[in-house]
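I have placed the structure first, in the form of structure tokens, so that the comments after it can refer back to it.
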Amino acid sequence: ITARHRGGGHKRLYRKIDFRRNQKDISGRIVTIEYDPNRNAYICLIHYGDGEKRYILHPRGAIIGDTIVSGTEVPISMGNALPLTNMPLGTAIHNIEITRGRGGQLARAAGAVAKLIAKEGKSATLRLPSGEVRLISQNCLATVGQVGNVGVNQKSLGRA
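At position 7 of the sequence shown (counting the first as 1) the number is 10 in our numbering, and the numbers step up by one without a gap.
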């Protein structure tokens with residue numbers, strides 16, 4: 004379907020983002036922070052110790068040269084991905100899995116952050132950016148910290 008007076012926009016090269024974070028216990032270093040035309044958050048290129056390179060969402064405050072790691076027994080520091088079981092209550096998180104192994108599906112937009120508010124049995128309670136309170140399995144992975152490019156919605160475009 005075409006509409007008169009509407010252009011096609013700018014060409015976009017797709018960058019494959021690692022939402023699964025399944026490089027277990029291999030530390031990686033942030034090499035670049037890049038613009039991504041397909042989303043309003045920036046992305047980081049990570050060089051892992053085994054030679055692999057992947058893009059992830061840029062965590063707020065992360066700079067070039069920072070080290071990140073994902074796994075079960077990793078420290079609670081910005082950019083690290085770990086199961087909700089190993090996180091203390093009140094942790095700010097993003098890129099949260101709904102089902103274990105499916106990859107992060109919640110809190111991925113620029114500036115998005117969810118909060119871990121309770122843990123009961125095998126499930127954890129999260130407060131999502133929309134304000135919704137949701138139960139998710141404690142086995143699910145999430146990344147510590149807030150997604151970068153926080154003020155993207157407050158920018159004035161300088162026109163009516």
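Here a beta-carbon is modelled for each residue, glycine too, at the ideal position from N, C-alpha and C.
Owing to the predicted nature of the structure, the values given are computational and were not obtained by experimental measurement.
Residue of the options minimising C-alpha distance to residue i
i	options	result
residue 154	43, 137, 140, 80	43
residue 34	76, 110, 126, 67	67
residue 41	80, 138, 60	60
Cβ-based neighbour list, residue i, same chain, cut-off 6 Å, excluding 5 preceding and 5 following
i	result
residue 70	30, 32
residue 84	24, 73, 144, 146
Buried/exposed call for residue i, threshold 16 Cβ in 10 Å
i	result
residue 150	buried
residue 55	exposed
residue 156	exposed
Residue i - DSSP class collapsed to helix/strand/coil
i	result
residue 157	helix
residue 146	strand
residue 85	strand
residue 40	coil
Below-8 Å beta-carbon distance, residue i vs any chain C residue
i	result
residue 33	Of the protein chains in this structure there is only one, and it is not chain C.
Residue i versus residue j: straight-line alpha-carbon distance, rounded
i	j	result
residue 134	residue 99	15 Å
residue 9	residue 16	21 Å
residue 131	residue 94	12 Å
residue 129	residue 102	14 Å
Close beta carbons around residue i, own chain, < 7 Å, minus the five adjacent residues each side
i	result
residue 119	87, 90, 92, 93, 94, 96, 127, 129
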